[in-house]
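Student: Take a look at this one; I'll ask things after.
Protein chains in written order, with our numbering: chain A, 1 to 277; chain B, 278 to 591.
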C-alpha cells in the first residue's frame, strides 16, 4: 500500500477513487436535495449558490443526482467485475487444471466471446434481455469473464507442474483441494490486478449503455442517462450533459491510474493500460 | 507462411460458427411475437398463420436454427420486420458511411498518436513527455459519447464553426467532429504504445551502434527505433480499425451518422430481430476478418511468430 501511493499517478488515482467512494457511500447524507424531487419553479436553473451545478428540466438538483449517480456507477462496476472475475477464475482454473476437452471447450468459448468488437456483444445481450440495472450487471459480468479465464488458465498451466503441486498430489490431495487451496491463492495478485484494471472499463460500459437507453432507466440518475437526457437542452442548459461527463472521466481516470499502479506493484509482467473498451 | 495461414483460417471457422450461434440464440429469447408486431393491430388468423410458416416460426428451435445457418451461408439475413427490405441490402447500403468515418478516424489516430508517442519518447522524462502522457491517459478515460457532446457544444453551439450532426451529403465539414470523437481513445492508446515500444527499442544494441557511428539523434529515433517499434503499433491500429469498421454505435448515434452503428441501434429500439441479427453478425465478422488480417501481416513481418519460437506467445 505504501509503495502504491508513493507513486504520483497511483496517488492521484487513489485520491480520485476515494472521492467517488465517499460520494457513493454517503450520497444520501451529503446530497443537498432529494435527487428525485421535482420542482418546476426552478427548472433549468443555471449553477447558483442554491444549486451549485444547476437543475434539470424537472427542477431536480444536478449535484444531488450526480452524487447518487456515483453510487449506481460504483455498484454496477464493482458487482459486474466480481461476477466476471469469479466466473473467469473458475472456468480458467478448470481449463488449466483438467486440460484436454474441458480446456478446449472453455477456450473456444472465450475466443467466441472475445470475437465481438467493443460493446457489440453487450449491446446484443441487453437488447435481448431488456434494459435494467440488474440485467446490465449480469451481462457485463458474463461478457467480461473471457479475459480473466485466459489469464488464470495460463497461470495455472505454469503452476501445475511446480514441485509444491506435485508434492500435494503425491500425498493424495484431491483436485478440488489443489485447485482452490493451492492454485487459486497463487493467482490472487493477478486477479486483484485484472479486477481493478477492469473497473474503469466497467464504469465506461455502464454509462455507455445507459446513454444508449439500454442500461439504467429513468428516473434513476445514472451518469450516462443524465448526459443523453441533457442533450436536448445542450443549447440552453449545457451543464446537464457536461457535469456528468466530468464525473465519469474522473472516476475512470481514477480506476485506470490506480489499476496501473497496482499492476506495477503486484504484477509487473502484465502490460498495457486498463480501461479501454 | 502458407501453413500458418491455413492453420489460422481453420481456427477461424469454429469461432465464426460460435458467433452465429450466440447471435441467433440471443435474439431467439427476445420476448414478443414478431408476426404480431409486423401485422399490427388489424390482423386475421390466416395471414398470421401464413407469415408464421413463411418465417418458420411454427417449427422447433432446432429447425429454426438450422434454417438460420443455411440462410447465413448464402448471406441471406432475411427481411426486416419494419421495412420489409432484405437486411443484407440495408447493411450494404449503410456500410460505405461507416467505412468513410472509420478511415478518417484511423488517419487521425495514426497521425496524432504516433507523433505524440515519438515526441514523448524523444523527450523522455521531460515536460513534453509528462504532458503527452497525461493528455493520453485522460483521453483513454473519457467516454467517447461525452467527448462527442463536448465537441458539439464547443464547435457548433459556441463557435459556430462546424455542423453539429448529420451527413451533409458527404461534405468534409460534417466528417470532422465524428472522426475526432471516434479517434480519441485510439489516438491516446497509440501514443502510449508508440512511446513504450520506442523506449524498449532505444535500449537495444543496434541503437547504441547507430549513435556510436554518429547518426543524428532524430534519425536514430525515426529511422531505426520507430521502424522496429512499428509492429505493436500496427496491431493496435489494426484492431482499432476493425472496431471502427464494425460500427461505432455511440459515435454514430450522437452525430446522426447514417452508418451501421446507428442502423443497429435503430433496429434494437424497434425490436427488428432479423436486422439486429444481421447487423451484429456482420459487424462481428468484419472485426474478426480484420483481426485475422492483422495477425497474418504480423506473422509475415516477423517470422518468429509463425514458427512459434517467440516466448510467451500461444
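We put the beta carbon where it would ideally sit given N, CA and C, even for glycine.
Nothing here was measured: the structure is a model prediction, and the numbers come from that model.
(1) When the cut-off is 8 angstroms and only beta carbons count, does residue 164 (chain A) lie next to chain B?
(2) Once the 5 residues before and after residue 273 (chain A) are set aside, which same chain residues still bring their CB inside 7 angstroms of it?
(3) Is there contact between the segment 117-133 of chain A and the segment 152-165 of chain A, where contact requires at least three CB pairs shorter than 8 angstroms?
(4) How long is the line joining the alpha carbons of residue 586 (chain B) and residue 575 (chain B), rounded to whole angstroms?
(5) Name the two residues that bound the continuous alpha helix (DSSP H) containing residue 239 (chain A).
(6) Flag residue 342 (chain B) as yes if its beta-carbon sits less than 8 angstroms from any beta-carbon of chain A, otherwise no.
(7) Any C-beta of chain A within less than 8 angstroms: which residues of the segment 426-447 of chain B qualify?
(8) Quick one: is residue 568 (chain B) buried, meaning 16 or more other Cβ sit within 10 Å of its Cβ, or exposed?
(9) What in chain A is Cβ-close to residue 372 (chain B), meaning under 8 angstroms?
(10) Alpha carbon to alpha carbon, how far is residue 517 (chain B) from residue 351 (chain B)? Give it in angstroms, no decimals.
(11) Would you say residue 296 (chain B) faces chain A, with C-beta separation under 8 angstroms as the test?
(12) Output the distance between the C-alpha atoms of residue 16 (chain A) and residue 107 (chain A), rounded to the nearest integer angstrom.
(13) Let me confirm a value: residue 162 (chain A) is counted as buried when at least 16 other C-beta atoms fall within 10 Å, else exposed. Which label applies?
(14) So, are the CB atoms of residue 468 (chain B) and residue 394 (chain B) less than 8 angstroms apart?
(15) To the nearest angstrom, how far is it from the Cα of residue 32 (chain A) to the Cα of residue 354 (chain B)?
(16) Roughly how far, in whole angstroms, is the beta-carbon of residue 234 (chain A) from the beta-carbon of residue 430 (chain B), given that I think they are within contact range, below 8 angstroms?
(17) Please report whether the beta-carbon of residue 134 (chain A) lies at a distance below 8 angstroms from any beta-carbon of chain B.
(18) According to DSSP, residue 363 (chain B) sits in a beta bridge with which residue or residues?
(19) Would you mind working out which of A:103, A:181 and A:118 sits nearest residue 523 (chain B), comparing C-alpha positions?
(20) In chain order, what residues of the segment 114-131 of chain A put their CB closer than 7 angstroms to some CB of chain B?
(21) What residue does the alpha helix (DSSP H) around residue 119 (chain A) start on, and which one ends it?
(22) For residue 560 (chain B), go through chain A and note every residue whose CB falls closer than 7 angstroms to its CB, in chain order.
(23) Beta carbons nearer than 7 angstroms to chain A: which residues of the segment 400-423 of chain B have them?
(24) Indicate the three-state DSSP secondary structure (helix, strand or coil) for residue 61 (chain A) in the structure shown.
(25) With a threshold of 8 angstroms between beta carbons, is residue 252 (chain A) in contact with chain B?
(26) May I ask you to report which of helix, strand or coil DSSP gives residue 55 (chain A)?
(27) Which runs of the alpha helix (DSSP H) fall wholly inside the segment 102-188 of chain A and span at least 4 residues, in chain order?
(28) Please identify, using Cβ separations under 7 angstroms, the residues of the segment 554-581 of chain B that lie next to chain A, in order along the chain.
(29) Give a yes or no on whether the minimum CB-CB distance between residue 387 (chain B) and chain A is below 8 angstroms.
(30) Can you pull the chain A residues whose beta carbon is under 9 angstroms from the beta carbon of residue 291 (chain B), in chain order?
(31) For a test of the three-state rule: what should DSSP assign to residue 465 (chain B), helix, strand or coil?
(32) Could you list which residues in chain B have their beta carbon closer than 9 angstroms to that of residue 245 (chain A), in chain order?
(33) For the alpha helix (DSSP H) holding residue 407 (chain B), just list the boundary residues, first then last.
(34) Please return the same chain residues whose Cβ sits closer than 6 angstroms to the Cβ of residue 588 (chain B), not counting the five positions on each side in sequence.
(35) Sorted by chain position, which residues of the same chain lie with C-beta nearer than 6 angstroms to residue 432 (chain B)'s C-beta, five sequence neighbours on each side aside?
(36) Does residue 527 (chain B) have its Cβ less than 8 angstroms from a Cβ in chain A?
Tutor: Checking against the coordinates, here is how it stands:
(1) For the purposes of this step, residue 164 (chain A) is taken as the residue at position 164 of the first chain. So, not an interface residue.
(2) Against the first chain, residue 273 (chain A) aligns to sequence position 273. Here residue 273 (chain A) scores only 42 on pLDDT, less than 50, and its place in the model should not be relied on; the value that follows carries that caveat. So the list reads 256 and 260, once near-sequence residues are dropped.
(3) no
(4) The residue labelled residue 586 (chain B) in the question sits at position 309 within the second chain. The residue labelled residue 575 (chain B) in the question sits at position 298 within the second chain. Caution applies to residue 586 (chain B), whose pLDDT of 49 falls short of 50 and renders its modelled position unreliable; the model cannot decide the point.
(5) For the purposes of this step, residue 239 (chain A) is taken as the residue at position 239 of the first chain. Note, residue 239 (chain A): alpha helix (DSSP H), 239-266.
(6) The residue labelled residue 342 (chain B) in the question sits at position 65 within the second chain. Not an interface residue.
(7) 426, 427, 429, 430 and 434
(8) Position 291 of the second chain, counted from the start, is the residue given in the question as residue 568 (chain B). Buried, because 16 or more other Cβ atoms sit within 10 Å of the Cβ of residue 568 (chain B).
(9) Locating residue 372 (chain B) in the second chain gives position 95, counting from the first residue. The premise fails here: residue 372 (chain B) is roughly 15 angstroms from chain A at the closest Cβ pair, so nothing lies under 8 angstroms.
(10) The residue labelled residue 351 (chain B) in the question sits at position 74 within the second chain. The residue labelled residue 517 (chain B) in the question sits at position 240 within the second chain. Straight-line Cα distance between these residues: approximately 29 angstroms.
(11) Locating residue 296 (chain B) in the second chain gives position 19, where the first residue counts as 1. Yes, because at least one Cβ of chain A sits closer than 8 angstroms to the Cβ of residue 296 (chain B).
(12) On the first chain, position 16 is the one that residue 16 (chain A) refers to. On the first chain, position 107 is the one that residue 107 (chain A) refers to. Each residue's alpha carbon lies about 36 angstroms from the other.
(13) Locating residue 162 (chain A) in the first chain gives position 162, counting from the first residue. The residue is exposed, with fewer than 16 neighbouring Cβ atoms inside 10 Å.
(14) In the second chain, counting from the first residue as 1, residue 468 (chain B) sits at position 191. In the second chain, counting from the first residue as 1, residue 394 (chain B) sits at position 117. Cβ distance < 8 angstroms, so residue 468 (chain B) and residue 394 (chain B) count as in contact.
(15) What you label residue 32 (chain A) is simply residue 32 of the first chain in a count that begins at 1. What you label residue 354 (chain B) is simply residue 77 of the second chain in a count that begins at 1. Spanning the two alpha carbons is a distance of roughly 53 angstroms.
(16) As a working mapping, residue 234 (chain A) is identified with position 234 in the first chain. As a working mapping, residue 430 (chain B) is identified with position 153 in the second chain. Their Cβ separation, rounded to whole angstroms, is 6 angstroms, which keeps residue 234 (chain A) and residue 430 (chain B) in contact under 8 angstroms.
(17) Indexing the first chain from 1 puts residue 134 (chain A) at position 134. Answer no: the Cβ-Cβ gap between residue 134 (chain A) and chain B never drops below 8 angstroms.
(18) Walking along the second chain from the start, residue 363 (chain B) turns up at place 86. Paired residues: B:356.
(19) Within the second chain, numbered from 1, the residue matching residue 523 (chain B) stands at position 246. Minimum Cα distance to residue 523 (chain B) is reached at A:118.
(20) 115, 116, 117, 118, 119, 120, 123, 124, 125, 127 and 128
(21) Taking the first chain and counting its residues from 1, one reaches residue 119 (chain A) at position 119. Here residue 119 (chain A) belongs to no alpha helix (DSSP H), and DSSP marks it neither H nor E.
(22) Numbered from its first residue, the second chain carries residue 560 (chain B) at position 283. Neighbours of residue 560 (chain B) on chain A, chain order: 117 and 120.
(23) 414, 415, 417, 418, 419, 420, 422 and 423
(24) Numbered from its first residue, the first chain carries residue 61 (chain A) at position 61. Strand.
(25) Taking the first residue of the first chain as 1, we reach residue 252 (chain A) at position 252. Yes - at least one Cβ of chain B is within 8 angstroms of the one on residue 252 (chain A).
(26) For the purposes of this step, residue 55 (chain A) is taken as the residue at position 55 of the first chain. Note: residue 55 (chain A) maps to strand in three-state DSSP.
(27) 120-129, 133-160 and 163-170
(28) 557, 560, 561, 564 and 565
(29) One-based indexing of the second chain puts residue 387 (chain B) at position 110. By this cut-off, residue 387 (chain B) is not an interface position.
(30) For the purposes of this step, residue 291 (chain B) is taken as the residue at position 14 of the second chain. Those are 108, 111 and 112, listed as they occur along chain A.
(31) Residue 465 (chain B) sits at position 188 when you count from the first residue of the second chain. It is helical.
(32) For the purposes of this step, residue 245 (chain A) is taken as residue 245 along the first chain, with counting starting at 1. Within chain B, the residues near residue 245 (chain A) are 419, 420, 422, 423, 424, 426 and 427.
(33) Against the second chain, residue 407 (chain B) aligns to sequence position 130. 404-418 is the span of the alpha helix (DSSP H), which, as asked, contains residue 407 (chain B).
(34) Working through the second chain from its first residue, we reach residue 588 (chain B) at position 311. At residue 588 (chain B), the pLDDT of 41 sits below 50, so the modelled position is not reliable; the number obtained from the coordinates is stated separately. So the list is empty, once near-sequence residues are dropped.
(35) What you label residue 432 (chain B) is simply residue 155 of the second chain in a count that begins at 1. So the qualifying residues of the chain are 438 and 439.
(36) Here residue 527 (chain B) refers to the residue found at position 250 of the second chain. Answer yes: the Cβ-Cβ gap between residue 527 (chain B) and chain A drops below 8 angstroms somewhere.
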